[in-house]
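A short write-up of the structure that comes next.
2 protein chains.
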Amino acid sequence: MSGQTAKTISEREYSISDLAKEFGITSRSIRHYEDEKLICPERRGVHRIYSARDRVRLQLILRGKRLGFSLAEIREIIDLYDLPEGKQKQAKLLVELIQKRRDALLQQRKDIEHMLKELDMLEQKLD
Amino acid sequence: MSGQTAKTISEREYSISDLAKEFGITSRSIRHYEDEKLICPERRGVHRIYSARDRVRLQLILRGKRLGFSLAEIREIIDLYDLPEGKQKQAKLLVELIQKRRDALLQQRKDIEHMLKELDMLEQKLD
DNA sequence: CAGCAAGTTTACGTTTGCGTAAAGGTAAGG
DNA sequence: CCTTACCTTTACGCAAACGTAAACTTGCTG
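Line by line, the protein sequences are chains A and B.
Take the first sequence: its letters are residues 22 to 148, numbered as in my numbering.
Take the second sequence: its letters are residues 22 to 148, numbered as in my numbering.
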């Protein structure tokens, strides 16, 4: 694992393969997410160093993927989390985006409930 | 709309563009699903005639898509619904499939709850 | 029956999301 | 210094899921 000076637990650093192993994906994928501007790790020399924050971003990416969003959409979504804390000038625009996301998610939740019920019925049908 | 002899409501027939319009997709997509063996409408001459059952299949396809499944996976899933009613010889295999699906769906549901919560927090952050 | 919208097949094009070499740089241990 | 393990960039490849154009047929409709 990446050498660390044991300060705060939140200051852990990760190599690309650390994260790849942890999340069961390839390094190639992680680099691809970077190409697509979804994540942007620090560089120590030429090597990528991932922070705890970066790790969270990666989790968000993977969650988005499980939900069927495209990488471009996922970028939109996680960009919402990185508001400059002061600039809510585009707040209205953001709220719209959020609303659209929520609608999509609520629809998906319905879809899932449907499918789960139908799977139950199927299973019962098999005595 | 497609001419119909007004028998039972469940005997309605649909043209390819009827369904395309209703579900907001292109005819090309529907034909593609047919190429991929996801749906198989009756033919009257060379034209495709879709039954109410076909319509339901299409709904299932689109639901699967919203959930991020590939067309191949969706075919697996809807094939589950078309059991020959008597042949549960492969029942064990089916139950496994169902279990896998359910696990994936439960994970997705978690993902959705997470995202919804985070969207709520984001919205509040915008005072 | 002529016209026109809507349907059909065939087939090549495009985008997304990585896989997979190729060709080499870097850091730590022995 | 040399090996070994891991990292890097560059770039071509590929499957999935349609888009799109071409060229033709069908079948109402005036």
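Here a beta-carbon is modelled for each residue, glycine too, at the ideal position from N, C-alpha and C.
For the structure I just gave you, are there three or more beta carbon pairs, one from the region 63 to 71 of chain B and one from the region 36 to 45 of chain B, closer than 8 angstroms? yes
For I70 (chain A), the first and last residue of its enclosing beta strand (DSSP E): 68 to 70
Reduced DSSP category for E63 (chain B) - H, G, I as helix; E, B as strand; rest coil: strand
Can you find at least 3 beta carbon pairs, one from the region 42 to 51 of chain B and one from the region 125 to 139 of chain B, that sit closer than 8 angstroms? no
For Y54 (chain B), which beta-bridge partners are listed by DSSP? Paired residue(s): none; Y54 (chain B) is not in a bridge.
Is it true that the CB of R87 (chain B) sits closer than 8 angstroms to the CB of G85 (chain A)? no
Residues of chain B with CB under 7 angstroms from D100 (chain A), in chain order? The contacting residues do not exist; D100 (chain A) stays about 11 angstroms from chain B at best.
Cβ neighbour criterion (16 or more within 10 Å) applied to Y102 (chain A): Answer is exposed; the Cβ neighbour count stays below 16.
Any chance you could list the alpha helix (DSSP H) runs of at least 4 consecutive residues sitting entirely within the region 75 to 108 of chain B, in chain order? 92 to 102
Identify which residue in A:M136, A:I99, A:Q145 has its Cα closest to the Cα of I82 (chain B). In terms of CA proximity to I82 (chain B), A:M136 leads the group A:M136, A:I99, A:Q145.
Quick check: what's the CA-CA separation for K121 (chain B) versus E144 (chain B)? 35 angstroms
Starting from the beta carbon of E144 (chain B), find every residue of chain A whose beta carbon is closer than 7 angstroms, and list them in chain order. V116, I119
Proximal residues to R76 (chain B) (C-beta, below 7 angstroms), its chain only, five neighbours per side dropped: Closer than 7 angstroms at Cβ, skipping near neighbours: Y35, L40.
In chain order, what residues of the same chain lie with their CB nearer than 8 angstroms to the CB of R64 (chain B), ignoring the 5 residues before and after it? I70
Just to confirm my understanding: we take S23 (chain A), look at its own chain, exclude 5 residues before and 5 after, and list those with CB closer than 7 angstroms. What are they? Any reading at S23 (chain A) must be qualified, since the residue scores a pLDDT of 39, below 50, and its modelled position is unreliable; the value itself is stated next. Only E34, Y35, S36, D39 meet the Cβ criterion.
Separation of L92 (chain B) from I60 (chain A), as counted between CA atoms: 29 angstroms
I think R74 (chain A) touches I99 (chain A), with their Cβ atoms under 8 angstroms apart; what is that distance to the nearest whole Å? Not a contact, Cβ separation roughly 11 angstroms.
When you compare the CB of G45 (chain B) with every CB in chain A, is at least one pair closer than 8 angstroms? no
In its own chain, which residues sit with a C-beta less than 8 angstroms from the C-beta of K58 (chain B), not counting the 5 before and 5 after it? R96
With distances taken between CB atoms, is the gap from L140 (chain B) to I51 (chain A) smaller than 8 angstroms? Their beta carbons are not under 8 angstroms apart, which means L140 (chain B) does not touch I51 (chain A) by this criterion.
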